[in-house]
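What follows is a single structure, written as structure tokens, with notes after it.
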Amino acid sequence: MNGKDILIFSAVLLMASVPLTASMRASADSNEQHKLAYAKKEKMSTDPIVIMETNKGTIKIQVFKNDAPITAGNFLDLVGRGVYNGLTFHRFEPNFVIQGGDPKGDGTGGFIDPQTKTERRIPLETKPSLKHDQAGIVAMARSGDPNSASCQFYITLAPATFLDNNYAVFGKVIDGLPVVLSLRKGDKMVSVSTQEVPVR
563 MNGKDILIFS
573 AVLLMASVPL
583 TASMRASADS
593 NEQHKLAYAK
603 KEKMSTDPIV
613 IMETNKGTIK
623 IQVFKNDAPI
633 TAGNFLDLVG
643 RGVYNGLTFH
653 RFEPNFVIQG
663 GDPKGDGTGG
673 FIDPQTKTER
683 RIPLETKPSL
693 KHDQAGIVAM
703 ARSGDPNSAS
713 CQFYITLAPA
723 TFLDNNYAVF
733 GKVIDGLPVV
743 LSLRKGDKMV
753 SVSTQEVPVR
């Protein structure tokens, strides 16, 4: 090494031997907290939150826009159009599901697109990672035709893994699960809206 290299090497060794001060540790901790907060913000920005005000209380649903883009996009569009406002839950199966979103209120209706004047139906969209593994899972209801989902949805009241890969999971309840568990046939969605989330 020449004289200049020796000086640089000595300076590096000296810096490595200096213990961290309290302010240096605080700065490092602050940076780490900032990274975690940013990561949390990024996660929030990718999955919209839907606020469902019912006659029993408020339910918050995280919608899996990235994992189920077709199904989530359909649901978010219907929310934005105000389709669910004032509709009832027409089906209650203890320890299984609560189902709603039917404009007719009896389980036979779908969303009639005002432009085409026909019922909108979306293709079945499943993914192995999207499971009915707990209470609070939100998925699309449909008839015997796998590609017949329109606007009706259900929320699980308990794990229902036998539905996996046969029905399209597109969200989960992140707040208000006790409200979900208290819902019964005839209970109402007073208003359903999308919560503003940070944009990536």
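Residues are numbered in the working numbering as their position in the sequence shown, beginning at 1, plus a constant of 562.
Cβ atoms here follow ideal geometry from the backbone N, Cα and C, with glycine treated the same way.
Could you give the C-beta distance for residue i and residue j, rounded to a whole number, given that I count them as a contact under 8 Å?
i           : j           : result
residue 640 : residue 697 : With 8 Å as the limit, residue 640 and residue 697 do not qualify as a contact, their Cβ atoms being about 23 Å apart.
residue 717 : residue 754 : Not confirmed; about 13 Å, so no contact.
residue 612 : residue 756 : 6 Å
residue 661 : residue 651 : 6 Å
residue 616 : residue 747 : Contact doesn't hold; Cβ gap of about 13 Å is too wide.
residue 689 : residue 629 : 6 Å
residue 610 : residue 638 : 6 Å
So, are the CB atoms of residue i and residue j less than 7 Å apart?
i           : j           : result
residue 560 : residue 682 : Past the boundaries of the shown model lies residue 560; the chain is included only from 563 to 762, so the question cannot be answered.
residue 657 : residue 722 : no
residue 733 : residue 626 : yes
residue 730 : residue 633 : yes
residue 622 : residue 737 : yes
residue 708 : residue 725 : no
residue 663 : residue 715 : yes
residue 618 : residue 710 : no
Tell me the DSSP secondary structure of residue i in three-state form.
i           : result
residue 724 : helix
residue 682 : coil
residue 744 : helix
residue 670 : coil
residue 688 : coil
Could you please give the first and the last residue of the uninterrupted beta strand (DSSP E) stretch that includes residue i?
i           : result
residue 698 : Element bounds for residue 698: n/a, residue is neither H nor E.
residue 646 : No beta strand (DSSP E) contains residue 646, which DSSP labels as neither H nor E.
residue 755 : 751-757
residue 716 : 715-718
residue 661 : 659-662
residue 677 : Run containing residue 677: none; DSSP gives neither H nor E here.
residue 734 : 731-737
residue 706 : Taken as a continuous stretch (DSSP letters only), residue 706 belongs to no beta strand (DSSP E), as it is neither H nor E.
residue 622 : 619-625
Going by DSSP, what residue range makes up the alpha helix (DSSP H) through residue i?
i           : result
residue 643 : 631-643
Could you tell me whether the Cβ of residue i comes closer than 7 Å to any Cβ of chain D?
i           : result
residue 738 : In the displayed structure, chain D is absent; only one protein chain is listed.
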